[in-house]
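Colleague: Got a structure for you, written out below as structure tokens; questions coming shortly.
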Amino acid sequence: MISQGSTANVSAKLEYPACPVCGSDQRQFPFRLHRPYSVACCTACGFHYLYPRLIESAIQEAYRESSYYEGGACGYADASYTAQESALRATFKRLLHNLAGRGLTSGDLLEIGCGYGYLLDEARPFFDRRVGTEFSAQGAEIARKTGADVFVGGIEQVSLERKFDCVIATQVIEHVYEPLTFVRQLANHTKPGGHIVIAAPDIGGALRKAMGRRWPSFKAPEHVLYFDFWTLSALMHQAGLTNVRRLPYPHAFPLGLLTAKFGLTMPPLLARPKVWVPATTVAAYGRVSNA
Ligand SMILES: [Zn+2]
10 MISQGSTANV SAKLEYPACP VCGSDQRQFP FRLHRPYSVA CCTACGFHYL
60 YPRLIESAIQ EAYRESSYYE GGACGYADAS YTAQESALRA TFKRLLHNLA
110 GRGLTSGDLL EIGCGYGYLL DEARPFFDRR VGTEFSAQGA EIARKTGADV
160 FVGGIEQVSL ERKFDCVIAT QVIEHVYEPL TFVRQLANHT KPGGHIVIAA
210 PDIGGALRKA MGRRWPSFKA PEHVLYFDFW TLSALMHQAG LTNVRRLPYP
260 HAFPLGLLTA KFGLTMPPLL ARPKVWVPAT TVAAYGRVSN A
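Numbering (our numbering), first residue to last: 10 to 300.
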């Protein structure tokens with residue numbers, strides 16, 4: 010969680026965007042989050058997005074700080090990325106097996122927003138070459154220990170000279186300000202016939218429906234876009250991908266993190282086991298055509 014600063018500071022850094030997918034400025038507000046943020050629903054295309062939002066330079070400054078991954082102001086230690094390591098590795102291992110079952114794991118892998126490199130590390134048996142990008146320099150340094158090439162920054166840091174068979178962005182696109190540009194960039198780095206895999210919190214999922222506005226992935230100011238399978242696959246089609254399909258993406262969480270989100274605390278030993286949550290992440294993959 011990113012510190013809010015003083016109210017005056019924050020309002021100077023706010024913008025009031027049109028729908029990031031279709032450009033319409035007609036919207037409703039199905040979910041009010043903490044002030045000044047709401048989740049808007051575009052009345053033209055049905056897409057959900059954060060409104061208002063921080064200007065992009067303000068949020069990127071926060072992502073460059075290494076403390077971003079350590080939970081900061083969340084109020085419970087298990088929110089930190091390292092405390093979730095074993096659950097995240099289990100999640101990525103299952104993702105990689107699901108990809109392997111569809112013939113999507115061979116050759117060269119690029120992961121955008123690789124964090125501490127847990128996915129890149131689990132991907133070692135599946136790919137010949139592994140490359141990542143990460144905004145936090147400290148995160149990138151840790152990720153390099155997996156033997157992958159990791160660039161500090163976004164996808165523009167990766168050379169277009171050598172393209173990839175598989176490009177993965179998991180839990181990244183919900184942070185992105187121009188989603189169509191982003192998916193086109195992923196496609197530009199993919200070999201003809203290669204695949205793009207995108208995963209994000211699922212606003213259409215059972216967990217969101219059960220929790221209403223208390224859904225943990227309603228996270229302002231970080232999450233600016235909210236996808237379900239239909240809006241995600243429509244965006245991928247719009248970016249020129251073909252054969253867009255849903256990918257199962259069960260997500261493991263430490264039990265203590267889940268209970269903390271409901272305001273309960275657990276003794277450390279009981280908090281550690283993993284719980285699989287099936288319906289909180291939406292994932293899709295699509296093919297980059299031979300054109
Ligand atoms: Zn729209």
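Beta carbons are placed, not taken as given, at the ideal position from N, Cα and C, and that holds for glycine.
Keep in mind that this is a model prediction, so the values were computed, not measured.
Taking 6 angstroms as the limit between beta carbons, can you name the residues of its chain near VAL185, skipping five residues before and five after?
Modeller: Correct list, in chain order: PHE191.
Colleague: Would you be able to state if there are at least three C-beta pairs under 8 angstroms between the stretch 51-65 and the stretch 232-245?
Modeller: Judged by Cβ distances under 8 angstroms, the stretch 232-245 makes contact with the stretch 51-65, as three or more pairs qualify.
Colleague: Does the distance between the C-beta of VAL30 and the nearest non-hydrogen atom of ligand 3 fall short of 8 angstroms?
Modeller: In terms of ligand content, the structure shown lacks ligand 3 and carries ligand 1 instead.
Colleague: Hey, LEU187 and PRO29 are a contact pair by Cβ (cut 8 angstroms); roughly how many whole angstroms apart?
Modeller: Residue 187 is actually Glu in this sequence, not Leu. With a Cβ gap of about 7 angstroms, GLU187 and PRO29 count as contacting.
Colleague: Round the Cβ separation of ALA196 and VAL297 to the nearest angstrom and send it over; I've been treating them as touching at under 8 angstroms.
Modeller: Rounded, the Cβ-Cβ distance is 5 angstroms, consistent with contact.
Colleague: Would you list, in sequence order, the uninterrupted beta strand (DSSP E) runs of no fewer than 3 residues that lie entirely inside the stretch 136-191?
Modeller: Counting whole runs of 3 or more residues, the stretch 136-191 contains the beta strand (DSSP E) stretches 138-143, 158-161 and 173-179.
Colleague: Take every Cβ of the stretch 215-227, pair it with every Cβ of the stretch 288-297, and state whether three or more of those distances are shorter than 8 angstroms.
Modeller: Yes: at least three Cβ pairs fall under 8 angstroms.
Colleague: Quick check on the DSSP output: the beta strand (DSSP E) that includes TRP285 runs from which residue to which?
Modeller: Taken as a continuous stretch (DSSP letters only), the beta strand (DSSP E) holding TRP285 covers 283-286.
Colleague: Below 9 angstroms between beta carbons: does that hold for LEU266 and GLN93?
Modeller: Cβ atoms of LEU266 and GLN93: closer than 9 angstroms.
Colleague: May I ask whether a heavy atom of ligand 1 can be found less than 8 angstroms away from the beta carbon of ALA71?
Modeller: Not so, every heavy atom of ligand 1 lies at least 8 angstroms from the Cβ.
Colleague: So is TYR127 buried or exposed if we call it buried at 16+ other beta carbons inside 10 Å?
Modeller: Buried, by the Cβ-count rule.
Colleague: With distances taken Cα to Cα, identify the nearest neighbour of ILE212 among VAL48, LEU244 and GLU74.
Modeller: Of the candidates VAL48, LEU244 and GLU74, the one whose C-alpha sits nearest the C-alpha of ILE212 is VAL48.
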